[in-house]
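**Q** Under mature numbering (1 follows the signal peptide of the UniProt record, and there is no 0), residues -27 to -1, 1 to 411 are what the sequence shown spells out, in order.
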Amino acid sequence: MKTQKFKKLFKASTLALLISTSVSVYAAPQDQIIAIVGSTAILKSDLDQGVAEATHRLQAQKKEIPPQNILQQQVLSQLITHDAQLEQVKKYGLKADEKSLNEAVLKVAQQSGENSLEAFQKKLDAVAPGTYELLRNRVAEDLLIQRLSQQQVMSRIKITDLDVENFLKSPEGQAAVGSQVHVLHMRISGEAPASELESIAKAVRTDLKDSNDVKSIEKKFSTAQVKVDGADMGFRPLSDIPTDLAARVTTLEPGQTTDLIPAKDGVHVLKLLEKKSNEQKALVPQFNTRHILIKTSEVVSPENAKQTIDSIYNRLKAGDDFATLASTYSNDPGSARDGGSLGWVSPGMMVPEFDKLMQSSPVNEISKPFQTQFGWHILQVTGTRQQDMTSEYQKRMARQILGERQFESEYDGWLRELRANTYIEIKDPSLDPKKNES
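#1: So what's residue 412 in DSSP terms, helix, strand or just coil?
#2: Would you grab the beta carbon distance between Val199 and Leu170 for me? Rounded to a whole angstrom, and I think it's under 8 angstroms.
#3: Under a Cβ-count criterion, where at least 16 other Cβ atoms within 10 Å of its own Cβ denotes burial, should Phe(-18) be classed as buried or exposed?
#4: Can you determine whether any heavy atom of the ligand SAM sits closer than 7 angstroms to the C-beta of His158, and answer yes or no?
#5: Could you spell out where the alpha helix (DSSP H) holding Thr357 opens and where it closes?
#6: Could you tell me the distance, in whole angstroms, from the CA atom of Ser122 to the CA atom of Asp385?
#7: Taking a contact to mean a Cβ-Cβ separation below 8 angstroms, would you say residue 412 touches Gln153 in this structure?
#8: How many Å lie between Ser274 and Leu266 at the Cα?
#9: In the DSSP assignment, what are the bridge partners of Ser314?
#10: Looking at the unbroken alpha helix (DSSP H) that takes in Met127, where does it start and where does it end?
#11: Based on Cα-Cα distance, which residue from Glu87, Glu398, Leu243, Pro342 lies nearest to Val187?
#12: What is the DSSP secondary structure of Gln61, reduced to helix, strand or coil?
#13: Secondary structure at Asp283, three-state DSSP: helix, strand or coil?
#14: Spatial neighbours of Glu37 within its chain, please: CB distance less than 8 angstroms, with the 5 preceding and 5 following residues excluded, ordered by chain position.
#15: For Ala20, which of Gln34, His55, Ala33, Gly11 has the nearest alpha-carbon?
#16: Is it true that the CB of Ile6 sits closer than 8 angstroms to the CB of Lys400?
#17: How should Pro320 be labelled, buried or exposed, when 16 other C-beta atoms within 10 angstroms of its C-beta is the threshold for buried?
#18: Would Arg369 be called buried (16 or more neighbouring beta carbons within 10 Å of its own) or exposed?
#19: On the criterion of 16 or more Cβ atoms from any shown chain inside 10 Å, does Ala99 qualify as buried, or is it exposed?
#20: Less than 6 angstroms between C-beta atoms, sequence neighbours within five positions excluded: which residues of the same chain meet that for Ser250?
#21: With a threshold of 16 other CB atoms inside 10 Å of the CB of Thr223, please say whether the residue is buried or exposed.
#22: Closer than 8 angstroms by C-beta to Tyr(-2): which residues in its own chain qualify, once you throw out the five before and the five after it? Chain order, please.
#23: If Gly312 sits next to Ala291, beta carbons under 8 angstroms apart, how far is it from one beta carbon to the other, in whole angstroms?
#24: Excluding the five sequence neighbours on either side, which residues of its own chain have a C-beta within less than 6 angstroms of the C-beta of Ala69, listed in chain order?
#25: Can you tell which of Ile161, Val201, Ile132 has the C-alpha that lies nearest to the C-alpha of Glu377?
#26: Considering just the uninterrupted stretch of the beta strand (DSSP E) at Gly307, what are its terminal residues?
#27: Bridge partners for Ala92 per DSSP, in chain order?
#28: Please determine, among Leu330, Val137, Phe93, Arg129, the residue with the shortest C-alpha to C-alpha distance to Gln367.
#29: Cα separation between Glu383 and Val126?
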């Protein structure tokens, strides 16, 4: 899914601007409110800083800088959208985790030549006390807005199984999965009247239905005023064929011809001989796995859970039946009723500790007890196989492509709705585009 539109994290190129504006902010205890967004006030200093950053960015990109009043309106609009999103962040109680925040701030530090957060903080606060905290808060806000936006937009995107099926049948879908076609191509052109060209093209199509000898057809119908060109195009990716022609080919079954296709350079007719998908299959190792899970709870202490799983392990090693013990003792109700069976499991489907042990376990060997976030486990792999997941892979890829298509429009729609449902009051009439229009 696209995330590029959300990636507005603080850049080192604006670091000097942040430092200079932070000095003025701390030096000026009083500030003018220029807009209200929900429960948040946008200050004149916020606008000044935004305008300075926008000007710096446009200059670096060698782009024309709009008149001051227009630039102020544009920046204020961005600040309003930003604060409207932050209102939603507060509403949903989203919090930035320290690990992600530290990683994001460290990237900014590295862009400015520092390799540790401690050194970066000293560098910033030496210029203007509190600058590091200001920057950290801004990065945290951007991370939270990114997460909010992803959640909200993704919930609006709806892709049905029929959408996926239709996409995979389309020329674009076929090209995306690497489909290839073996096509015969006839082109009828010349200086003859259009009606005569069409008549000959129909005759060419009739012959092409029953014959693959394009050179014989070419010779049979070419005249002084009509040129018939035939070619065996061989196997080639659909992506290499002009879109309008590829669209006709994807609807054909082998042996069928297209209708006449008028174009600027003549009339075209295509015949599909063969069609094949990308020969590279997505083979995925799978493991037929069963397990026993003992969870901790208010009545089962970690020590008791460990004692229970050890007791079960000893019974298994002594020859007791795995399925019977799983059905009796496992705290995973979904698999316990099936003797602990999880079925065929692909890599990445389970938590890391489980996944790693599953992939390294010899077939039919009972693992020693191990711990995950869910509790204590014993697992046994009863078989392995290489499963062709090509179809599933193609469907996932189709969903991703279709999702990216919808993403931009849904994101813009969500922002419009967000602003419409947020209380916004612009105090300075000169910064309100609606009042300026009237």
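Just so it is clear, CB atoms sit at the ideal spot from N, CA and C, and this is done for glycine as well.
**A** By the coordinates alone:
#1: Coverage of the chain is limited to positions -27 through 411, which leaves residue 412 absent and any answer about it impossible.
#2: Position 226 of the sequence shown, counted from the start, is the residue given in the question as residue 199. Position 197 of the sequence shown, counted from the start, is the residue given in the question as residue 170. Between Leu170 and Val199 the Cβ distance is about 7 angstroms, and since that is below 8 angstroms, they are a contact.
#3: As a first step, residue -18 is located in the sequence shown; it is residue number 10 there, counting from the start. Residue placement at Phe(-18) cannot be trusted, given a pLDDT of 46 that sits under 50; what the coordinates show is reported in the next sentence. Label assigned to Phe(-18): buried.
#4: With respect to the ligand SAM, the structure shown offers nothing to examine, as it has no ligands at all.
#5: Along the sequence shown, one-based indexing puts residue 357 at 384. Looking at the DSSP string, Thr357 is not in any alpha helix (DSSP H); the run it does join, the beta strand (DSSP E), is 348 to 361.
#6: Against the sequence shown, residue 122 aligns to sequence position 149. Against the sequence shown, residue 385 aligns to sequence position 412. When the Cα atoms are used, Ser122 and Asp385 turn out to be separated by approximately 11 angstroms.
#7: With the chain running from -27 to 411 in the structure shown, residue 412 is simply not present.
#8: To locate residue 274, count along the sequence shown from 1; it is residue 301. To locate residue 266, count along the sequence shown from 1; it is residue 293. Using only the alpha carbons, I get a separation of about 14 angstroms.
#9: Position 341 of the sequence shown, counted from the start, is the residue given in the question as residue 314. Looking at the DSSP assignment, Ser314 forms a beta bridge with Arg263.
#10: Along the sequence shown, one-based indexing puts residue 127 at 154. Start and end: 104 to 129.
#11: Here residue 187 corresponds to residue number 214 of the sequence shown, with the count starting at 1. Ranking Glu87, Glu398, Leu243, Pro342 by Cα distance to Val187 puts Leu243 first.
#12: As a working mapping, residue 61 is identified with position 88 in the sequence shown. Helix.
#13: The sequence position of residue 283 within the sequence shown is 310, counting from 1. Helix, per DSSP.
#14: Translated into the one-based positions of the sequence shown, residue 37 becomes position 64. Correct list, in chain order: Leu31.
#15: Taking the first residue of the sequence shown as 1, we reach residue 20 at position 47. Inspection of the sequence shows that residue 20 is occupied by Leu rather than by Ala. With distances taken between Cα atoms, Leu20 lies closest to His55.
#16: On the sequence shown, residue 400 is found 427 positions in, with the first residue counted as 1. On the sequence shown, residue 6 is found 33 positions in, with the first residue counted as 1. Their beta carbons are under 8 angstroms apart, which means Lys400 touches Ile6 by this criterion.
#17: The residue labelled residue 320 in the question sits at position 347 within the sequence shown. With fewer than 16 other Cβ atoms within 10 Å, it is exposed.
#18: One-based indexing of the sequence shown puts residue 369 at position 396. Under this definition Arg369 is an exposed residue.
#19: Taking the first residue of the sequence shown as 1, we reach residue 99 at position 126. By the 10 Å Cβ count, Ala99 comes out exposed.
#20: The count along the sequence shown starts at 1 and reaches residue 250 at position 277. Excluding residues within five positions, the ones whose Cβ falls inside 6 angstroms are Ser152.
#21: In the sequence shown, counting from the first residue as 1, residue 223 sits at position 250. By the 10 Å Cβ count, Thr223 comes out buried.
#22: Counted from its first residue, the sequence shown places residue -2 at position 26. Model confidence at Tyr(-2) stands at a pLDDT of 46, short of 50, so the residue's coordinates are unreliable; what they give is reported in the following sentence. Ala101, Pro102, Gly103.
#23: Looking up residue 312 in the sequence shown gives position 339. Looking up residue 291 in the sequence shown gives position 318. Gly312 to Ala291, Cβ: 18 angstroms. No contact.
#24: In the sequence shown, residue 69 corresponds to position 96, counting from 1. Around Ala69: Ala113, Leu116, Leu117.
#25: Position 404 of the sequence shown, counted from the start, is the residue given in the question as residue 377. Minimum Cα distance to Glu377 is reached at Ile132.
#26: Against the sequence shown, residue 307 aligns to sequence position 334. No beta strand (DSSP E) contains Gly307, which is instead part of the alpha helix (DSSP H) from 306 to 309.
#27: As a position in the sequence shown, residue 92 is number 119, starting the count at 1. BP columns for Ala92 are empty, so no partner.
#28: Counting from 1 along the sequence shown, the entry for residue 367 is found at position 394. For Gln367, the nearest C-alpha among the options comes from Val137.
#29: Sequence index remark: in the sequence shown, residue 383 carries index 410 (1-based). Sequence index remark: in the sequence shown, residue 126 carries index 153 (1-based). Those two C-alpha atoms are separated by around 6 angstroms.
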